[in-house]
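Residues in the sequence shown are numbered consecutively from 38, following the numbering used here.
Even glycine gets a Cβ: it sits at the ideal position worked out from N, Cα and C.
Notes follow once the structure below has been shown.
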Amino acid sequence: DLYTHTGAGAYECGEESALLESLEGKRGVPRIRPPFPAVVGAFQCPTILNNVETYCAVPPIILDGGKAFADLGVPKAGGTKLTCLTGHINKPGVYELRLGFPVMQMINEVGGGVRNGKKLKAFIPGGSSCPLLTAAECEGATMDYDSMAARKSMLGSGGVVVMDEDTCMVKAALRIMRFYAHESCGWCIPCREGTTWLRKVLVRFHEGAGTRSDIDLLGDVSKNMLGRTFCPLGDAAALPTISIVEKFRDEFEAHLNGRPCPFEHTREAVLV
């Protein structure tokens, strides 16, 4: 028999062990592992967990064979990936693209280019937890694991966010951190306190009250969150913050000493 069970929408329950806790009617927080779900999962039974995207790949594999499906991608990353194009792009949507698809071709041909003829400024390849790429880093990049790793980012979930030249990166960082501070389950101190303090500091910058030492503080707090939580949510909050501060430090400096945001008159932040 097949049953569906609707969750309450907590981001944390995307982590497999937190998902099992929620399924059992308990608070959705990660379990300590081992034991792993394949040994002790839902209701103490061996459990296999798969993402919906995994099942999407099954029909073409059954119809055409595994080799034919793998040949759609690149040697070390075969097959396709569901890619969600969002942000300042003309044709947002979910597209099934072969792994290894060129980033700029994806933006310009599949997504119809950056909205309103603007220039590309920043690019998130796989969801808000991934380090950002600058426009220059997107040149020659492809949507596969090795290409993103070479640029110190990740393919992640394939949740692409395109940001144009008028995007305030301080506000983008704040939008990301507001999300993670809200979605933290609160179990781990580095995640619970780290996301809260990062949000507070970013709010100060956004309001024009940031100090030069706060720029380094953002990096220090983020780096001290890495690898110190039960689940990857702490890392997910830290990695994009580190990349934004390192690659767009000049924008944080532009917000110092009560200066107004240089992009405030252009538009709202893109991230959702």
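- Counting along the chain, F242 sits inside the alpha helix (DSSP H) bounded by residues 226 to 243.
- Here V151 is buried. Its C-beta has 16 or more other C-beta atoms within 10 Å.
- Across the set K155, L122, L136, the C-alpha of L122 shows the shortest separation from the C-alpha of I144.
- Leaving aside the five residues that flank Y48 on each side, the residues in its chain whose CB is nearer than 6 Å to its CB run, in chain order, E220.
- According to the DSSP assignment, F289 belongs to no beta strand (DSSP E) but to the alpha helix (DSSP H) extending over 286 to 290.
- If you look at D201, you'll find it in the beta strand (DSSP E) that goes 196 to 201.
- Separation of V140 and Y132 (C-alpha to C-alpha, rounded to the nearest whole angstrom) is 13 Å.
- When secondary structure is reduced to three states using DSSP, E58 falls in the helix class.
- If you compare the alpha carbons of F138, G149, R188 with that of E174, the shortest gap goes to R188.
- Fewer than three beta-carbon pairs drawn from the region 160 to 169 and the region 91 to 111 are found closer than 8 Å, and the two stretches are therefore not classed as touching.
- Non-local C-beta neighbours of A172 in its own chain, meaning closer than 8 Å and more than five positions away in sequence, comprise K156, L157, K158, A159, F160, ordered along the chain.
- Straight-line measurement puts the Cα of A105 at about 29 Å from the Cα of T84.
- Following the DSSP letters along the chain, one finds G124 inside the beta strand (DSSP E) bounded by residues 117 to 124.
- A Cβ-Cβ contact shorter than 9 Å links F285 with M206.
- Here the C-alpha atom of S59 lies approximately 44 Å from the C-alpha atom of P297.
- D251 is positioned such that its CB atom lies closer than 9 Å to that of R241.
- A direct Cα-to-Cα measurement between A114 and L86 gives close to 21 Å.
- Taken through DSSP and simplified to helix, strand or coil, F267 comes out as coil.
- Under the criterion of beta carbons closer than 8 Å, T278 and M214 qualify as touching, at roughly 7 Å.
- Here K128 is exposed. Its C-beta has fewer than 16 other C-beta atoms within 10 Å.
- Under the criterion of beta carbons closer than 8 Å, G110 and R70 do not qualify as touching, at roughly 30 Å.
- If you draw a 10 Å sphere on the C-beta of D38, you find fewer than 16 other C-beta atoms in it, and that means exposed.
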